[in-house]
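Protein chains in written order, with the numbering used here: chain A, 453 to 695; chain B, 453 to 695; chain C, 453 to 695; chain D, 453 to 695; chain E, 453 to 695; chain F, 453 to 695.
Have a look at the structure below before the remarks.
Number of protein chains: 6
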Amino acid sequence: MTTRKDGRTPDQLRPVTIERGWSEQAEGSALISFGKTKVLCTASFTPGVPRWLTGKGKGWVTAEYAMLPRATNERSGRESVKGKIGGRTHEISRLIGRSLRAVVDMKALGENTIVIDCDVLQADGGTRTAAITGAYVALVDAMEWARGKGHIGKNSVPLIDSVSAVSVGIIDGEPMLDLAYVEDVRAETDMNVVVTGRGLFVEVQGTAEGAPFDRAELDALLDLATNGARELGGLQTEALGDA
Amino acid sequence: MTTRKDGRTPDQLRPVTIERGWSEQAEGSALISFGKTKVLCTASFTPGVPRWLTGKGKGWVTAEYAMLPRATNERSGRESVKGKIGGRTHEISRLIGRSLRAVVDMKALGENTIVIDCDVLQADGGTRTAAITGAYVALVDAMEWARGKGHIGKNSVPLIDSVSAVSVGIIDGEPMLDLAYVEDVRAETDMNVVVTGRGLFVEVQGTAEGAPFDRAELDALLDLATNGARELGGLQTEALGDA
Amino acid sequence: MTTRKDGRTPDQLRPVTIERGWSEQAEGSALISFGKTKVLCTASFTPGVPRWLTGKGKGWVTAEYAMLPRATNERSGRESVKGKIGGRTHEISRLIGRSLRAVVDMKALGENTIVIDCDVLQADGGTRTAAITGAYVALVDAMEWARGKGHIGKNSVPLIDSVSAVSVGIIDGEPMLDLAYVEDVRAETDMNVVVTGRGLFVEVQGTAEGAPFDRAELDALLDLATNGARELGGLQTEALGDA
Amino acid sequence: MTTRKDGRTPDQLRPVTIERGWSEQAEGSALISFGKTKVLCTASFTPGVPRWLTGKGKGWVTAEYAMLPRATNERSGRESVKGKIGGRTHEISRLIGRSLRAVVDMKALGENTIVIDCDVLQADGGTRTAAITGAYVALVDAMEWARGKGHIGKNSVPLIDSVSAVSVGIIDGEPMLDLAYVEDVRAETDMNVVVTGRGLFVEVQGTAEGAPFDRAELDALLDLATNGARELGGLQTEALGDA
Amino acid sequence: MTTRKDGRTPDQLRPVTIERGWSEQAEGSALISFGKTKVLCTASFTPGVPRWLTGKGKGWVTAEYAMLPRATNERSGRESVKGKIGGRTHEISRLIGRSLRAVVDMKALGENTIVIDCDVLQADGGTRTAAITGAYVALVDAMEWARGKGHIGKNSVPLIDSVSAVSVGIIDGEPMLDLAYVEDVRAETDMNVVVTGRGLFVEVQGTAEGAPFDRAELDALLDLATNGARELGGLQTEALGDA
Amino acid sequence: MTTRKDGRTPDQLRPVTIERGWSEQAEGSALISFGKTKVLCTASFTPGVPRWLTGKGKGWVTAEYAMLPRATNERSGRESVKGKIGGRTHEISRLIGRSLRAVVDMKALGENTIVIDCDVLQADGGTRTAAITGAYVALVDAMEWARGKGHIGKNSVPLIDSVSAVSVGIIDGEPMLDLAYVEDVRAETDMNVVVTGRGLFVEVQGTAEGAPFDRAELDALLDLATNGARELGGLQTEALGDA
């Protein structure tokens, strides 16, 4: 079996840590690491919903993703200084938002809004998958906070499943789990998979960066991802403890 | 078998037309329709590459997607007036660019740039897949134009495959091909698949808008999409005739 | 008499076509061609007016003009990507809006808003005059649509006249009608004239691009424009048929 | 004969003053008043031309117009704060630039750039016409400054004519010269006319704000404007004295 | 004692003039000069407050500062054209606003808003201190205007003190008052001090542009500034006369 | 002696921690805490200088400050999403840059650029002073890194002093050191003081938020700040160890 640059086997995650409640300000938060990738996820709860949703008896969950300028090996300019948000940032923010909404029952949430912020403090590949995995933990805590404050009813169950995400890719013809940056840039195909705790798919985003891929390769990647996500789900449960 | 609102079977494309060379200004162009969805695709060829690529002996292909304000049933504000591009526009522009680059040999293209513009004149679902499918036709013509002008060598083969795209989705539990707008809003799962003429995948982007999906559903969608893309490939070939 | 590059006499319009109802989404629409210049004009009707007009018993008509990036011989960057609208675009949008408002009785329109979008699909000179001429056709249909829906009363007459526009210019000392792009760039003086069906002026915008012009030249240009506009008015009537 | 609110006859200018050399920083400047309208015009000379003109042996003249937020009776927000320039500002800046370029021989100017800034300190109608009239004075001085510094040759004659501008309009059916703000808002038709010292037209921009106008009205307005501009030309000559 | 380039002693202000009521449009205004530095200050009064203050029985005073592009020796681009406000502009606007609010009793002002605009027509150092000093005069007049109109009660005393500002700096080791531009660029330390009529500090902003400064230098600068501000306060009183 | 809400004496700093080298990507970094305030400071070294400095044999140091949206008790919108940077952000970025440049010998740095990024992960008052204090540590490490790589000569001494910063303020008439957020909002006067290791002032920025302050109060604040900064200097030395 191939050994990867950092000593992992192809189907092995990097060391994952989840510091739940890292922020003393947010209703829910987690500082998550996938190896050297570190993402601070906060969940901000506010009663009420945006105007377009008012009076429908439903809540709203949305997300914003960003990277600190020196999260990466070379400093990149701030989007606030450029005065506009890049396509990649938009794309990932939307992905995180959709992934979380997929496990939320908006009626049970009631007319409340949760904004998830995922800020990458250090980047080494897999920032969007770490963000989704950490954001779920922050989301759970924000919901528990809201329940404690009476914004969510005692018997409401706004979370219908858990959710985590992992990247997979094909490098030198071999499918691998949870790519670090040096692997990501070499991958022929790169896929991000978002999976619920029950093992269902929320998002499957596969891209041929180099050579297009066939059905067999796609299947192998989906297998790897499903297993990785199951493992991440276990770590989320552990981090959340009795929540 | 279920009959769809517009009379199609679940595995049937809408009527597709490709008006090659619609624009008298661009080096390559196509006005493509997937049912009521109409996208004007132009390919603009310029010798030379952006500064960051200069001197590497490679070309560049990029794409921009936009919608006319009244392409849709309700008018939406212009992004130029808002002063910023929305996340959806960014996401689709990037998807089109990646899809086309996947079938271009940048070395064979040489230090030349092709910008693809896909402007949706009328929208009824599937605008991104129509855009990719039409853009390929425009791209072929721009390359032939460039060959004629001597910008691309006689023996260079910059196109290594063809590419088309189609949407698939699950509606009321049933997988369906090429969703019209009314179907798209009802779909539990929505997937855009970009496939080469040889049947390889370039992009697989599946999203659970409603309920998450399982592996069997994913497989059924991929089967539908592969067949639909094969059919679109045939229509591209026909439109291109002897090019 | 001078023969122009495209075979026209100095006082001759290019072939003009008006495809009424081109868009299946808008309340009114027309795809108009002045030679190779093609502009898609849509009219979007919405009940209600902007806040600053509310409660005054008057309607509002406004217009936005834009060009597809590859409408022209060389691709120009999108204004949405630049994040701002250029002076020329602003100027033309305002001209179209004023021209249409000049023939609308805002009280008869009632508290309703019509937004005209003129998107240049292909440009070969005279895009603003084609836009105004086509926009009038779209406007008529949007008003009829609104009457059908009961937003405009049966006996209300919101349109008090028709309106069309044409460019004229002096080339090599000779006044000419409806300049194509190659003529426009050579013109010493360039004038856009907006005329109502009754032959009154709504806008007269003459600019000396090269040598300033005297009163006699100005008079000759106005004569040409008045005749050209009369002819365009006839084509509008024909396109509208029984509307 | 009608007497106007401020005591003028229909064909009378407001009191016009030109303080040449108001700015101690600019190469040329003038603070011009048309009644209460006050515009500070500066001309900034720099050797060299924008990149797109380099090496063609020609100069460049351009203009920017703006209004202080409290130039008007009600404060309006700053365009810098809004982050974008409005259509009206764009339109007027372009008009001023074209008007001045019409009297400049770019070859005689050589590869030099002059930027005209017209900032309205107080507004009471006619700001664009005052701006053009004052800008010409600033332009003359900037050219003389440049000649003194050797940037323009001793025998070069970059100014081929002088230029001034005035507004005219029809109020209650009567043509009037140089409209003050209270007249401007009531005018059925409003026209800005830019005329050279030799009496030729550079720009004729007539707009029916209320009722469209006929040819006889247009002729009467042009007569009034021509006379007004001749008078302004005399005042420019006087202000410039021996320049 | 050192004589400065313009003949002043180290503790001498430049000639200061205040043209009160320069603008015929604003509720209060002053054109103030500190030597060649000229700033037009207007105060715009509007009944009502921004939404976030509504119903609290308090008023609001805010300020915006800007420079005309050719106020300085070399033309600088307009912030409206760049589409964003620079850090220096932001910083000075905020300083002016805070300085004026320090002498206003917001309760006595009542639910009214005053916007101060300080536009630098010519710059030769000390533009922010001239702006604050002139803005106070405009503010007084706007308040008197409002009292006359009944927006401020007869017995309300919204102004609890007067305020002026002056710059000081250390040049070649010597503390100097009211730096002109040529002095400012050479200063090792530069301090702007805002002082009330009663001699209290509102703002002390000292910056080591060159060498850091010690406590004794800081003390000497504060002494100079306090005296300069007292003199400016006298000039304000004189300009305001019987107000 | 007054005891503060968090148990401190008026002249006591909050617990300060400096995690040097927190980032594995940047050339220098520190995660600094002043109580609950946490700022991640990175220093990015690049050979070369911006164009306007090229060829002058001098280096450049600049800084950017920002706050994560949920650093504060209530979430605030991202400046990247708003598309512009607020005045406060600009002001603080500029302050940090000036403070660091005051202790750098730009000639000894040579033609190299260091960009400091200070991102507030959690905010509880004093974010700008924590940022400056932490940024100095990051700066030292970036310079040592550059020396190791040969970008800075062995005998060059680009750092001529150290620098730290602290806030002071008057609360209920009593001067206090290092204000936490709840203190800051109540302070009548608020001052940020930047001091070098040798005890010289780089910046003194005092603002009367409530009542203006007299000279005696100013003196008391400066004494407190000088002592606080001396203590912070000791902590910096400790964190840097043998650097």
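Don't be surprised by glycine CBs; every beta carbon is placed ideally from N, CA and C.
Contacting residues, own chain, Cβ-Cβ under 6 Å from residue i (five flanking each side not counted)
{"i": "Ile568 (chain E)", "result": "Ala495, Ala515 and Ala587"}
{"i": "Ser485 (chain D)", "result": "Thr469"}
{"i": "Ala518 (chain B)", "result": "Asp571"}
{"i": "Pro499 (chain B)", "result": "Asn564 and His603"}
{"i": "Ala691 (chain D)", "result": "Ile470, Arg472 and Val589"}
{"i": "Val656 (chain E)", "result": "Val645"}
{"i": "Ala677 (chain F)", "result": "Val618, Val620 and Val645"}
{"i": "Gly658 (chain A)", "result": "Met643"}
{"i": "Ser608 (chain D)", "result": "Ala560"}
Amino acids of chain A, ordered along the chain, whose beta-carbon sits closer than 9 Å to that of residue i
{"i": "Val567 (chain F)", "result": "Pro521, Arg522 and Arg527"}
Chain F residues whose Cβ lies nearer than 8 Å to that of residue i
{"i": "Gly658 (chain E)", "result": "Phe653, Glu655, Val656 and Gln657"}
{"i": "Leu684 (chain E)", "result": "Those do not exist, as Leu684 (chain E) stays about 16 Å from chain F at its closest Cβ, beyond 8 Å."}
Interface partners of residue i on chain C, CB under 9 Å
{"i": "Pro627 (chain D)", "result": "What Pro627 (chain D) touches in chain C: nothing, since even the nearest Cβ is about 14 Å away."}
Extent of the continuous beta strand (DSSP E) run through residue i
{"i": "Val634 (chain F)", "result": "Looking at the DSSP string, Val634 (chain F) is not in any beta strand (DSSP E); the run it does join, the alpha helix (DSSP H), is Tyr633 to Asp636."}
{"i": "Glu471 (chain E)", "result": "Val468 to Arg472"}
{"i": "Gly480 (chain D)", "result": "Gly480 to Phe486"}
Within chain F, the residues that residue i reaches when beta carbons sit closer than 9 Å
{"i": "Glu476 (chain A)", "result": "Lys488, Gln574 and Asp576"}
{"i": "Leu674 (chain E)", "result": "Arg667 and Leu670"}
Chain-ordered chain B contacts of residue i [CB-CB under 9 Å]
{"i": "Ser485 (chain C)", "result": "Per Cβ cutoff of 9 Å: no residues; Ser485 (chain C) is ~11 Å from chain B at best."}
{"i": "Arg550 (chain A)", "result": "Thr659, Ala660 and Glu661"}
Residue(s) in a DSSP beta bridge with residue i
{"i": "Thr565 (chain F)", "result": "F:Thr498 and F:Trp512"}
{"i": "Met519 (chain B)", "result": "B:Val572"}
{"i": "Pro627 (chain A)", "result": "A:Ile622"}
{"i": "Asn644 (chain C)", "result": "C:Ser619 and C:Gln657"}
{"i": "Val491 (chain E)", "result": "E:Ile484 and E:Val572"}
{"i": "Leu611 (chain C)", "result": "C:Val556"}
Own chain residues within Cβ distance below 7 Å of residue i, not counting five before or after
{"i": "Asp613 (chain E)", "result": "Val555, Thr648, Gly649 and Arg650"}
{"i": "Thr541 (chain F)", "result": "Tyr517, Ala518 and Glu531"}
{"i": "Pro454 (chain B)", "result": "In the sequence on display, residue 454 (chain B) carries Thr and not Pro. Answer for Thr454 (chain B): Pro462 and Glu626, listed in chain order."}
{"i": "Ser551 (chain E)", "result": "Ile584, Val615, Ala617, Val646, Val654 and Glu655"}
{"i": "Gln574 (chain B)", "result": "Lys488, Thr489, Lys490 and Ala523"}
Interface partners of residue i on chain D, CB under 7 Å
{"i": "Asp571 (chain E)", "result": "Leu520"}
Under 9 Å by beta carbon: chain E residues contacting residue i
{"i": "Ala681 (chain F)", "result": "Under the 9 Å cutoff, chain E gives no residues; its nearest Cβ is about 12 Å from Ala681 (chain F)."}
Contacting residues, own chain, Cβ-Cβ under 8 Å from residue i (five flanking each side not counted)
{"i": "Gly538 (chain F)", "result": "Glu531"}
Amino acids of chain A, ordered along the chain, whose beta-carbon sits closer than 7 Å to that of residue i
{"i": "Pro664 (chain B)", "result": "Ala554, Thr648, Leu652, Phe653 and Val654"}
Residue i, enclosing alpha helix (DSSP H) - first and last residue
{"i": "Thr659 (chain C)", "result": "Where Thr659 (chain C) is concerned, there is no enclosing alpha helix (DSSP H), although the beta strand (DSSP E) it sits in stretches over Phe653 to Ala660."}
{"i": "Leu670 (chain F)", "result": "Arg667 to Leu692"}
{"i": "Ser448 (chain B)", "result": "This structure does not reach residue 448 (chain B), given that chain B is present from 453 up to 695, and the question cannot be answered."}
{"i": "Val555 (chain A)", "result": "Taken as a continuous stretch (DSSP letters only), Val555 (chain A) belongs to no alpha helix (DSSP H), as it is neither H nor E."}
{"i": "Ile584 (chain E)", "result": "Thr579 to Lys601"}
Neighbour list for residue i in chain B, Cβ cutoff strictly below 7 Å
{"i": "Arg599 (chain A)", "result": "In chain order: nothing, as chain B lies at least about 24 Å away."}
>> For the segment 526-548 of chain F, list every residue whose C-beta sits within 7 Å of some C-beta in chain A, in sequence order.
In response: Arg527, Arg530, Glu531, Ser532, Val533, Gly535, Lys536 and Ile537
>> At a CB distance below 7 Å, what residues from the segment 492-516 of chain D approach chain E? Give them in sequence order.
In response: Leu492, Thr494, Ser496 and Glu516
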